[in-house]
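*Asks:* Before I ask anything, here is the structure I am working with.
In our numbering, the protein residues as written are 2 to 489.
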């Protein structure tokens, strides 16, 4: 059944209300001055439905969040109702409550193979990263090294936009309006094999990346660096998978120089690559793991970080206080939802589904290399990216204006027509990002691959038959938006 146009008070459409009163994230609002904002009103299974009745495959899981799709709302809503009827709110300042304690224990049990023993709850991935940084700073001070005030992160990586987390985010467009930023941060090369001189030789690639990391530590001052933060599989730039030995090498460097190693698993945790935590796949156990998104499968805002007992020790022995907090940290509602979602993951074999279908997903995407536009296919689990090139043999890049035309004019229109929401991203080279719900079956994965292939073929044919238009003076602001495809 088609979804009707929804109205609120005054009889105005949601599109008009949003156009006139809502400021959207990373969005050039001028694009909606006439037509109003795009509106999604309902979800069913792995699809979402617009206010105009159009159905789209949710090929990005909302924003890497909706791991269970959109059909568990009754069960999760019932758990939320029970919690609200029992205890709507109490803070975790000097107090604990059942859902926060239960979820903390559940998370530690699942992260125990990585040595994690304690949890701090925040409200999002960015807050989790910022909260982890503040613990790292205080941990070093408690251990007699308050001078450790610098960080190391990676280029093109996204770790959040609060001012602390933004320091670690390696995206110039995000950072430009806020510099100088709060934390002095050196940004390293990501694990981007496709365009690295040593990318075809995994051992040499790993060696080059680790040598660069050690040089950065030495240049910054080994006794000045507090933290090295990285995603196990980096999202920014398009699903960069680390080469063998990379994470154990980072662990060894951090041990050598007394640096805390943080794995930002805001996206990769909770089954995105088929495991509770992606860190378990790559060795080199981190000291801290940040998480968000999949912990509630998008049903409520919740994030946090796990830490080893060594990281928690100064703050649980009575010697030091973790000087940080949020009013809604460990909220009863969100933690009750999180516990329910973790139970569903295990009960319904959600990660088994990912592991079982991944070979089919990968094979289908790799077959799209037949299209000259597709230069590289990379990723794992239900987390993939296709890098787009002008010439596959030479890896010739599209210019910024050409990429803008390719993503926002051509591919976006084709994805919209074909009914797929995905991400057309040019924070690095232009890529198509795919991250479908973890409950997607083989038939849906095949549909996604078919749509991407059709859209890419059409875009390649259009590229060969016409020229990208002249630069739009607003292009830079639009590039920062990194929109999903599909007009909804």
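No residue lacks a Cβ here, since even glycine has one placed at the ideal position from N, Cα and C.
Predicted, not measured: the structure shown is a model, and the values here were computed from it.
May I have the straight-line CA-CA distance separating residue 7 from residue 18, to the nearest angstrom?
*Replies:* Locating residue 7 in the chain shown gives position 6, where the first residue counts as 1. Locating residue 18 in the chain shown gives position 17, where the first residue counts as 1. Unreliable placement is indicated for residue 7, whose pLDDT of 48 sits below 50; no coordinate value is reported for it.
*Asks:* Any idea what DSSP makes of residue 491, helix, strand or coil?
*Replies:* For residue 491 there is no data in the structure shown, the boundaries of the chain being 2 and 489.
*Asks:* Can you check DSSP and say which residues form a bridge with residue 39?
*Replies:* For the purposes of this step, residue 39 is taken as residue 38 along the chain shown, with counting starting at 1. In the DSSP output, where bridge partners are listed per residue, residue 39 has none listed.
*Asks:* Indicate whether the contact test is met: 3 or more Cβ pairs, each with one atom in the stretch 409-419 and one in the stretch 447-458, closer than 8 Å.
*Replies:* yes
*Asks:* Should residue 427 be labelled buried (16 or more other beta-carbon atoms within 10 Å of its own) or exposed?
*Replies:* Position 426 of the chain shown, counted from the start, is the residue given in the question as residue 427. Answer is buried; the Cβ neighbour count reaches 16.
*Asks:* Within the continuous beta strand (DSSP E) that includes residue 434, where are the two ends?
*Replies:* What you label residue 434 is simply residue 433 of the chain shown in a count that begins at 1. Residues 432-435.
*Asks:* Per the DSSP calculation, residue 48 is bridged to which residue(s)?
*Replies:* Here residue 48 refers to the residue found at position 47 when the chain shown is read from its first residue. Answer is 45, 58, bridged to residue 48.
*Asks:* When you compare each of 430, 397, 333 to residue 96 by their alpha carbons, which one comes out closest?
*Replies:* Translated into positions along the chain shown, residue 96 becomes position 95. Taking only the C-alpha atoms, the option nearest residue 96 is 333.
*Asks:* Measure the Cβ-Cβ separation of residue 212 and residue 165 and say whether it is below 8 Å.
*Replies:* The residue labelled residue 212 in the question sits at position 211 within the chain shown. The residue labelled residue 165 in the question sits at position 164 within the chain shown. In terms of Cβ geometry, residue 212 and residue 165 do not form a close pair [threshold 8 Å].
*Asks:* Would you tell me roughly how many angstroms separate the C-alpha atoms of residue 345 and residue 297, rounded to the nearest one?
*Replies:* Translated into positions along the chain shown, residue 345 becomes position 344. Translated into positions along the chain shown, residue 297 becomes position 296. The alpha-carbon atoms of residue 345 and residue 297 are separated by roughly 10 Å.
*Asks:* Looking at the secondary structure, which residues open and close the beta strand (DSSP E) in which residue 261 lies?
*Replies:* For the purposes of this step, residue 261 is taken as the residue at position 260 of the chain shown. Counting along the chain, the beta strand (DSSP E) containing residue 261 begins and ends at 261-265.
*Asks:* To the nearest angstrom, report how far apart residue 12 and residue 280 are at their CA atoms.
*Replies:* Counting from one through the chain shown, the residue named residue 12 turns up at place 11. Counting from one through the chain shown, the residue named residue 280 turns up at place 279. Cα to Cα, residue 12 sits roughly 50 Å from residue 280.
*Asks:* Can you look up residue 316 in the DSSP assignment and give me helix, strand or coil?
*Replies:* Taking the first residue of the chain shown as position 1, residue 316 is located at position 315. DSSP places residue 316 in helix when its eight states are reduced to three.
*Asks:* In chain order, what residues of the same chain lie with their CB nearer than 7 Å to the CB of residue 337, ignoring the 5 residues before and after it?
*Replies:* Numbered from 1 along the chain shown, position 336 holds the residue referred to as residue 337. These residues qualify, in order along the chain: 80, 81, 84, 100.
*Asks:* The beta strand (DSSP E) that contains residue 107, what's its start and end?
*Replies:* By one-based count along the chain shown, residue 107 stands at place 106. Premise fails: residue 107 lies in the alpha helix (DSSP H), 99-112, not in any beta strand (DSSP E).
*Asks:* Taking the continuous beta strand (DSSP E) assigned at residue 377, which residues delimit it?
*Replies:* One-based indexing of the chain shown puts residue 377 at position 376. Its beta strand (DSSP E) spans residues 375-381.
*Asks:* Taking the alpha-carbon positions, what's the residue 468 to residue 264 distance?
*Replies:* Numbered from its first residue, the chain shown carries residue 468 at position 467. Numbered from its first residue, the chain shown carries residue 264 at position 263. For residue 468, the predicted structure reports a pLDDT of 47, less than 50, and the residue's modelled location is therefore unreliable. The matter cannot be settled from this model.
*Asks:* To the nearest angstrom, how far is it from the Cα of residue 480 to the Cα of residue 31?
*Replies:* The residue given as residue 480 occupies position 479 in the chain shown. The residue given as residue 31 occupies position 30 in the chain shown. Legend: pLDDT at residue 480 = 40, less than 50; position of this residue unreliable, no value from coordinates given.
*Asks:* If we ignore side chains and look at the alpha-carbon of each, how far apart do residue 272 and residue 120 end up?
*Replies:* Residue mapping note: residue 272 aligns to position 271 of the chain shown, counting from 1. Residue mapping note: residue 120 aligns to position 119 of the chain shown, counting from 1. Distance between the alpha carbons of residue 272 and residue 120 is about 19 Å.
*Asks:* Among 420, 376, 386, which has the Cα closest to the Cα of residue 399?
*Replies:* Counting from 1 along the chain shown, the entry for residue 399 is found at position 398. Ranked by Cα distance from residue 399, the options 420, 376, 386 are led by 376.
*Asks:* Using three-state DSSP, classify residue 247 as helix, strand or coil.
*Replies:* By 1-based counting over the chain shown, the position of residue 247 is 246. In this structure, residue 247 counts as helix in the three-state DSSP scheme.
*Asks:* Between the Cα of residue 112 and the Cα atoms of 53, 51, 282, which residue gives the shortest distance?
*Replies:* Position 111 of the chain shown, counted from the start, is the residue given in the question as residue 112. The shortest C-alpha separation from residue 112 is found at 282.
*Asks:* Within a Cβ cutoff of 8 Å, which residues of the same chain sit near residue 446, ignoring the five residues on either side of it in sequence?
*Replies:* Along the chain shown, read from residue 1 onward, the residue named residue 446 stands at position 445. Correct list, in chain order: 358, 361, 362, 365, 437.
*Asks:* Residues in the same chain with beta-carbon distance under 6 Å from residue 20, minus the five sequence neighbours each way, listed in chain order, please.
*Replies:* On the chain shown, residue 20 is found 19 positions in, with the first residue counted as 1. Counting only Cβ-Cβ distances below 6 Å, and skipping sequence neighbours, we find 33, 37, 38.
*Asks:* Is the stretch 218-226 touching the stretch 147-154, taking contact as three or more C-beta pairs under 8 Å?
*Replies:* Counting C-beta pairs with one atom in each stretch, the stretch 218-226 and the stretch 147-154 have three or more that are closer than 8 Å, which means they touch.
*Asks:* Please return the same chain residues whose Cβ sits closer than 7 Å to the Cβ of residue 461, not counting the five positions on each side in sequence.
*Replies:* If you number the chain shown from 1, residue 461 lands on position 460. Correct list, in chain order: 372, 373, 374.
*Asks:* Kindly indicate which three-state DSSP category residue 290 falls into: helix, strand or coil?
*Replies:* As a working note, residue 290 is residue 289 in the chain shown. Three-state result, residue 290: strand.
*Asks:* On a CA-only basis, which of 219, 392, 126 is nearest residue 66? Give me that one, please.
*Replies:* Along the chain shown, read from residue 1 onward, the residue named residue 66 stands at position 65. Comparing Cα positions, the closest option is 126.
*Asks:* Have a look at residue 184 and residue 306 and give me their C-alpha separation to the nearest angstrom.
*Replies:* Position 183 of the chain shown holds residue 184. Position 305 of the chain shown holds residue 306. Cα to Cα, the separation comes out at about 19 Å.
*Asks:* Note down the Cα distance separating residue 29 from residue 43, rounded to an integer number of angstroms.
*Replies:* By 1-based counting over the chain shown, the position of residue 29 is 28. By 1-based counting over the chain shown, the position of residue 43 is 42. Between residue 29 and residue 43, the C-alpha separation is close to 24 Å.
*Asks:* Taking residue 416 as part of the beta strand (DSSP E), name the residues at either end of that continuous run.
*Replies:* As a first step, residue 416 is located in the chain shown; it is residue number 415 there, counting from the start. Run containing residue 416: none in the beta strand (DSSP E); it sits in the alpha helix (DSSP H), 413-419.
*Asks:* Touch check for the stretch 184-197 and the stretch 236-252: three-plus C-beta pairs under 8 Å?
*Replies:* Yes, they touch.
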